[in-house]
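Enquirer: The opening residue of the sequence shown carries number 0 in numbering that gives the first Met the number 0; numbering runs sequentially from there.
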Amino acid sequence: MESGGSSSLRLRKKGKKTERNQRAWTPSEEKVLIGLMKELVANGWKTENRFKPGYFLKLEAGMFKSLPGTDIRVSPHITSKITIWKRFHGSLQTMLNNNSGIGLNADTGLLDCHNNYWDLIVKVCIFP
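(1) Whole angstroms is fine: what's the gap from G4's alpha carbon to G61's?
(2) Is L103 closer than 8 Å to T110 when the C-beta atoms are compared?
(3) What residues are listed by DSSP as bridge partners for F50?
(4) Between I77 and F55, is the Cβ-Cβ spacing less than 8 Å?
(5) Where does I77 fall in DSSP's three states?
(6) First and last residue of the alpha helix (DSSP H) that includes D118?
(7) Would you tell me roughly how many angstroms separate the C-alpha atoms of S74 and S90, rounded to the nearest one?
(8) Out of curiosity, what's the CA-to-CA distance linking R72 and N115?
(9) Alpha carbons only, please: which of I33, K64, A41 and D106 is nearest the one belonging to K85?
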C-alpha cells in the first residue's frame, strides 16, 4: 500500500485482511425502518419488551418493498443500526433522568440545557 493513501481493508488477528462493510444510511431509509418497526409493534410482534423471533427478516422484506433496489440486509446493516440506536437511546435516557440540567423541549423536540452544563458535557463526553 502506498503511503498517505487510505484503505478500506483492516487487519484481523492472524493477519487476514477483510473488507469493511460500512454503509451510510439516508434519512429516508431510517424513516422507513422506524415506520416498519412501529408497524411490527402495532401488529403484535413485540411482547414482554422484546421482538418475536423472525422480526429482522420482516424488516428486511419491508425495506425491499418500500425501497426497491436497496442493498440493505439484516446483517450487518439493520442489526448494527438498531444497536447504534439502542446505545444513543441509553445515553440520552441517562442524561435526561439524572437531573443534569438537561431537558427535552416539547415544542421543538430538541434537548435544552444551560451553557455551563453543555460545556461540562463537551468536556466529559466529547473531548475527555
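Don't be surprised by glycine CBs; every beta carbon is placed ideally from N, CA and C.
Expert: Checking against the coordinates, here is how it stands:
(1) A caution first: G4 carries a pLDDT of 39, below 50, which makes its placement in the model too unreliable to give a value.
(2) First, the residue type needs correcting, since residue 110 is Leu and not Thr in the sequence shown. It is a contact, given that the beta carbons lie within the stated cut-off.
(3) K45
(4) yes
(5) helix
(6) N114 to I120
(7) 24 Å
(8) 43 Å
(9) I33
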